[in-house]
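Colleague: Handing you this structure, nothing more for now.
2 protein chains.
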Amino acid sequence: MPKLNEHYQNLKENYLFAEIARRVAAYQEAHPDQKVIRLGIGDVTRPLGARAIEGLHAGVEAMGSADTFMGYGPEQGYAFLREAISAYYARNGVSVDAEDIFISDGAKSDTGNISELFDVDNVILIPDPVYPVYVDSNIMGGKQIAYMAGNAENGFLPMPDASVHADIIYLCSPNNPTGAVYNKEQLKVWVDYAIANEAVILFDSAYEAFITDPELPRSIYAVEGAKRCAIEFCSLSKTAGFTGTRCGYCVVPRELTFTASNGTVMSLHAMWNRRQSTKFNGTSYIVQKGAEAVFSEEGMRQCQENISYYQENARVIADTLTKLGIRFFGGVHSPYIWFECPDGMESWAFFDYLLSNAQVVGTPGAGFGENGRNYFRLTSFGSRENTIEAMQRFEKLLAAV
Amino acid sequence: MPKLNEHYQNLKENYLFAEIARRVAAYQEAHPDQKVIRLGIGDVTRPLGARAIEGLHAGVEAMGSADTFMGYGPEQGYAFLREAISAYYARNGVSVDAEDIFISDGAKSDTGNISELFDVDNVILIPDPVYPVYVDSNIMGGKQIAYMAGNAENGFLPMPDASVHADIIYLCSPNNPTGAVYNKEQLKVWVDYAIANEAVILFDSAYEAFITDPELPRSIYAVEGAKRCAIEFCSLSKTAGFTGTRCGYCVVPRELTFTASNGTVMSLHAMWNRRQSTKFNGTSYIVQKGAEAVFSEEGMRQCQENISYYQENARVIADTLTKLGIRFFGGVHSPYIWFECPDGMESWAFFDYLLSNAQVVGTPGAGFGENGRNYFRLTSFGSRENTIEAMQRFEKLLAAV
C-alpha cells in the first residue's frame with residue numbers, strides 16, 4: 000500500500016474561503032431576500048483594460064494559423080514578457096535582469112512551490128497573521144514553522160529579533176491581510192539580518208501596485224544587498240485584474256547561492272529553473288501576450304484607472320472606520336483594510352454578527368493566524384455602490400456598539 | 000544558512016531537450032546553409048481548430064466587460080469543462096464523474112506534482128524507457144525508483160512481476176517515447192496486480208487521441224476495478240494542439256483511499272484537492288473556454304483533422320523504416336516511432352550521425368532511460384513536406400548502412 004504524505008493530516012480542516020463560502024451559502028439559503036454584499040475574498044471585479052484585451056485577442060489569433068502558431072514555449076516565459084517586466088521594475092527605480100525573471104501562472108503557485116527547493120531541516124519564520132499559502136505549503140512538506148507576531152504594537156510589521164536565528168523568512172508587503180507596508184529602513188533591517196544570518200527572504204510583493212508614496216519600496220530589490228538574500232514573487236492579479244486570466248512572476252537572482260553539506264555551491268536560480276523545467280510547461284502564450292500588453296504605456300494607464308477606483312473604495316471604508324472610532328491598519332497603499340473587531344469580539348463571531356445584522360461578508364482575521372483572532376479584513380475590490388452601501392450598514396450597526 | 004534540497008544534486012545535468020537544442024544550435028552555427036529538419040521534440044505544429052479559436056476569443060471578450068468578467072475560478076476547474084470532459088470519456092465508452100476531474104495547466108504539472116501526495120518510503124515502479132518527468136520529479140523528492148525494463152522482447156510494454164511488490168506504478172500508454180500501447184488484457188493484469196498489492200497506478204494517457212483501434216483502451220478506467228487503484232492524467236496538448244495554450248486534466252477517483260499509519264483513512268482525491276487549492280489558483284478562464292470548445296462536436300472533428308494529418312506522417316515514417324528493414328515500435332495509435340539504431344549504434348552517436356549526414360533531428364533513446372540507449376525516437380508532428388523529405392534523406396543514408 001502506498002504510504003501517503005501524512006503531513007496533510009496536520010493541515011487545518013477547511014481552507015479559509017471555503018468555510019466563508021459555506022457560511023454565506025447557508026445564510027443566503029435561510030434568507031433568500033437579503034442582499035449580501037461581499038467584501039471578503041481578495042478578488043478584483045473591474046474588467047481588464049482595452050490594451051490587455053487586445054493583447055489577448057492577438058495571442059488567440061496567432062494560434063489559428065500555421066505561420067504564427069505557438070507550441071511549447073520556454074518554461075521560464077517568453078523573453079518579450081520577461082523584458083517588459085524588467086522594464087517595469089526599471090520604471091519603478093529598481094534594476095532586475097530579465098534573465099532572473101520566471102513567468103508563471105500566478106504567485107500562489109510560485110509561493111507554494113518554492114518550498115520544494117529547501118530541506119525539511121530549516122528555521123522558517125512566517126509572520127502571523129499572513130496569507131495562508133506560506134504556512135500550508137510548508138506544513139505539507141513536513142516543515143516546522145516559527146511564527147513572528149504582527150500586532151497593533153508593531154503596526155503588523157514584525158521586525159527581526161537579532162538574538163534569534165532564521166534560515167528562511169517569508170515577508171509580504173503591502174501585507175495580506177493587514178495592508179501594512181514596510182518602509183525602506185525597515186526592509187533594510189530585514190536584508191541586513193538575512194545577510195548576517197545567511198538566510199533567504201521570500202518576499203511577496205503581489206500588492207505593490209497599490210503603493211502611491213514613492214518613498215515606500217515596491218520591491219525588496221529597492222534595498223541594497225537584497226539580491227544576495229531575497230527571492231521576490233509578484234503577480235498581475237491585483238496589478239492588472241488577472242485573477243481569472245492567470246499570470247505571475249518571480250525573481251530568483253543568480254547571485255543567490257548557498258553551500259550544500261558536501262561543499263557544492265548550489266544556485267537557487269538554477270534549482271528553480273530545473274524545478275520549473277521539470278514540473279511546469281510554461282504559461283499560456285495567449286496569457287503572456289495579454290501580460291505584455293499590460294506593461295505597455297497605455298496598458299499601465301488602464302490598470303491605474305482600476306487601481307484608483309479600488310483605492311477610492313478603500314478611502315470610503317477607512318473614512319467610515321475613522322468616523323466610528325474603530326482602529327484599523329492598511330487602507331492606504333493596499334486594497335485591504337484590517338480593523339479591530341468592536342467590543343473585543345472574536346473574528347468568526349464578528350463574521351457571523353456582521354453577516355446576520357448587516358449582510359456584509361468580510362474575512363475573519365483568525366483565518367490568517369492566531370494574532371488575527373480579534374481582527375477583520377475588508378477589501379476594496381467591490382463596486383463603489385456596494386462599498387458605500389456596506390459602509391452605510393456599518394455606520395447603522397456599529398455606531399450603536 | 001538555508002539547507003537546500005540536496006536531492007537536486009542527483010538529477011542528471013541537462014534536461015534532454017536542452018541538450019538536443021544545444022547540439023542542433025552548434026551544428027547550425029557551423030553549417031548555416033544546411034536545412035535541418037526537426038522530428039525530435041514532441042511538439043505539434045498545426046494551428047488550433049476554428050472552434051477552439053472561437054472559444055478562446057469568447058473567453059477573452061468576457062474579460063473585457065464588467066457583466067461577464069471572470070475573477071478567481073474554482074481551483075478544480077469550471078464545471079462546464081469538467082462536464083465536457085466527462086462527456087468525452089462517455090463517448091469513448093468510459094464513465095468518469097465530472098466531480099473526479101481536476102483541470103490544470105497541463106499533464107506535465109500534474110504528473111510532476113502528484114508525487115507530493117506520497118511519502119518518501121514507497122516502492123515506486125517506473126518503466127525504462129519513459130517520459131523523464133516521472134523520474135526527475137521523484138528524484139527531486141528524494142525518492143527511490145525501481146525501474147522495469149521495456150525492450151524489444153516485451154514490445155516495450157513491461158508487465159508486472161507477481162513476486163515483486165510495488166506501492167506506486169507509473170504507466171504511459173500510448174507510450175512516450177516508444178509509441179507502444181497496452182491492450183485491455185494487459186491493463187487488466189496491471190489493475191489486478193495493483194489491487195492485489197494495494198498499489199496505486201499513475202496512468203498517463205496524454206496520447207490517447209491517437210488510438211484508432213476501438214478495442215484498445217484509451218483510458219485505464221476502461222478496465223474494471225481501475226477506479227479503486229488508478230489516477231489518470233491527460234492533456235489537450237496532443238489531442239487539440241494545446242502545447243502552447245496549456246490545458247490538462249487528471250482524474251482522481253473518490254474511491255481511491257488508503258489507510259495512514261495512525262489508522263486514518265486518507266483520500267487521494269481530498270489530498271489532491273487540497274494540494275491544488277493551496278498551491279494552484281485554477282487554469283485561465285480563457286483557456287478553459289477554448290478547451291470547452293475543443294470538446295464540442297465540431298471542435299472534436301477539427302482536432303481529428305489534425306490528428307489524421309499527423310497519423311499520415313507516422314505512416315510515411317513507418318513505411319520508410321519497414322522498407323529499410325529497421326525494427327521499430329509505435330507509429331500506429333501514437334505520434335511516436337521508436338526504432339533500433341542501425342548497426343547497434345548508441346543513440347547519441349546516432350543522433351550526431353543523423354544530424355551531420357542527413358540534417359534530421361530526432362531524440363536519442365538514451366534520454367528516456369538505460370533501455371533506450373540503442374533506440375531513437377521520431378515524431379510525426381512535422382509538416383508533411385518535411386517528413387517526406389526527412390524520410391528521403393533516411394533512405395539515401397541508411398540503405399547503405
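Read top to bottom, the protein sequences are chains A and B.
First residue of the first sequence? That's 0 in numbering that gives the first Met the number 0, and the numbers climb one at a time after it.
First residue of the second sequence? That's 0 in numbering that gives the first Met the number 0, and the numbers climb one at a time after it.
The beta carbon of each residue, even a glycine, is placed where N, CA and C say it ideally should be.
(1) Would you list, in chain order, the members of the segment 263-291 of chain B that have their beta-carbon closer than 9 Å to a beta-carbon of chain A?
(2) Which residues, in order along the segment 79-109 of chain A, keep a beta-carbon less than 7 Å from a beta-carbon of chain B?
(3) Nearest CA to the CA of residue 105 of chain B: which residue from A:20, A:123 and A:275?
(4) Applying the 10 Å Cβ sphere with the 16-neighbour rule, what's the burial state of residue 326 of chain A?
(5) Hey, how far is the Cα of residue 306 of chain B from the Cα of residue 25 of chain B?
(6) Short check: CB of residue 355 of chain A to CB of residue 372 of chain A, under 9 Å?
(7) Shorter than 9 Å from the beta carbon of residue 401 of chain B to some beta carbon of chain A?
(8) So, is residue 222 of chain B buried or exposed, given that buried needs 16 or more other C-beta atoms within 10 angstroms?
(9) What is the C-beta distance between residue 137 of chain A and residue 218 of chain A, in whole angstroms, given that I count them as a contact (C-beta under 8 Å)?
(10) Does residue 38 of chain A come out as helix, strand or coil in the three-state DSSP assignment?
(11) Classify residue 11 of chain A: buried if its beta carbon has 16 or more other beta carbons within 10 angstroms, exposed otherwise.
(12) Please confirm if residue 248 of chain B has its CB atom under 9 Å from at least one CB of chain A.
(13) At what residues does the beta strand (DSSP E) containing residue 127 of chain B begin and finish?
(14) At a CB-CB cut-off below 8 Å, which residues of chain B make contact with residue 207 of chain A?
(15) So which residues of chain B does residue 2 of chain A contact, with C-beta pairs closer than 9 Å?
(16) Rounded C-beta distance between residue 206 of chain A and residue 157 of chain A? I'm assuming under 8 Å.
(17) Ignoring anything shorter than 4 residues or poking outside the segment 92-167 of chain A, list the alpha helix (DSSP H) runs there in chain order.
(18) Enumerated in chain order, which unbroken segments of the alpha helix (DSSP H) with a length of 4 residues or greater are wholly contained in the segment 177-226 of chain B?
(19) Chain B partners of residue 52 of chain A, CB-CB under 7 Å?
(20) In whole angstroms, what is the alpha-carbon distance linking residue 141 of chain A and residue 220 of chain B?
(21) How many Å lie between residue 299 of chain A and residue 363 of chain B at the Cα?
(22) Measuring CB to CB, does residue 47 of chain B end up less than 9 Å from residue 287 of chain B?
(23) Classify residue 45 of chain B as helix, strand or coil using the three-state DSSP reduction.
(24) Determine the extent of the beta strand (DSSP E) in which residue 283 of chain A is found, giving its start and end residues.
(25) How close, in whole Å, do the beta carbons of residue 379 of chain B and residue 316 of chain B come, if the pair is a contact with beta carbons under 8 Å?
(26) Quick check on the DSSP output: the beta strand (DSSP E) that includes residue 376 of chain B runs from which residue to which?
(27) Could you tell me whether the Cβ atoms of residue 289 of chain B and residue 51 of chain B are closer together than 9 Å?
(28) Cα separation between residue 390 of chain A and residue 375 of chain A?
(29) Determine the direct distance from the alpha carbon of residue 302 of chain B to that of residue 239 of chain B, and round the result to whole angstroms.
(30) Please tell me whether residue 155 of chain B and residue 272 of chain B are closer than 9 Å, where the distance is taken between their beta carbons.
(31) Give, in chain order, every residue of the segment 224-250 of chain A whose Cβ lies closer than 7 Å to some Cβ of chain B.
(32) Could you tell me the alpha carbon to alpha carbon distance between residue 353 of chain A and residue 128 of chain A, rounded to whole angstroms?
(33) Counting along the chain, where does the beta strand (DSSP E) carrying residue 20 of chain A start and finish?
(34) In the DSSP assignment, the beta strand (DSSP E) including residue 249 of chain B goes from what residue to what residue?
(35) Applying the 10 Å Cβ sphere with the 16-neighbour rule, what's the burial state of residue 264 of chain B?
(36) Tell me the DSSP bridge mates of residue 315 of chain A?
Modeller: Taking the structure as given:
(1) 263, 265, 267, 269, 270, 273, 274, 276, 277, 278, 279, 280, 281, 282, 283, 284, 285, 286 and 289
(2) 104, 105, 107 and 108
(3) The candidate whose alpha carbon is nearest that of residue 105 of chain B is A:275.
(4) Flag for residue 326 of chain A reads exposed.
(5) 32 Å
(6) With a cutoff of 9 Å on beta-carbon distance, residue 355 of chain A and residue 372 of chain A are scored as not near each other.
(7) Chain B is shown from 0 up to 400; residue 401 of chain B falls before or after that span and cannot be answered.
(8) buried
(9) About 24 Å separates the two Cβ atoms, so there is no contact after all.
(10) Three-state DSSP puts residue 38 of chain A in coil, outside helix and strand.
(11) exposed
(12) no
(13) Membership of residue 127 of chain B in the beta strand (DSSP E) is indicated by the continuous run 123-127.
(14) Correct list: empty, because the minimum Cβ distance to chain B is about 18 Å.
(15) 117, 118, 119, 120, 121, 166, 257, 259 and 260
(16) With a Cβ gap of about 17 Å, residue 206 of chain A and residue 157 of chain A do not count as contacting.
(17) 106-112 and 131-139
(18) 183-195
(19) 59, 62 and 63
(20) Going from the Cα of residue 141 of chain A to the Cα of residue 220 of chain B covers about 33 Å.
(21) 46 Å
(22) no
(23) coil
(24) Looking at the DSSP string, residue 283 of chain A is not in any beta strand (DSSP E), and its letter there is neither H nor E.
(25) 6 Å
(26) 374-378 is the extent of the beta strand (DSSP E) around residue 376 of chain B.
(27) yes
(28) 14 Å
(29) 5 Å
(30) No, they are not a contact pair.
(31) 242, 243, 244 and 245
(32) 21 Å
(33) Here residue 20 of chain A belongs to no beta strand (DSSP E); instead the alpha helix (DSSP H) covers 15-29.
(34) 247-250
(35) exposed
(36) Paired residues: none, contrary to the question.
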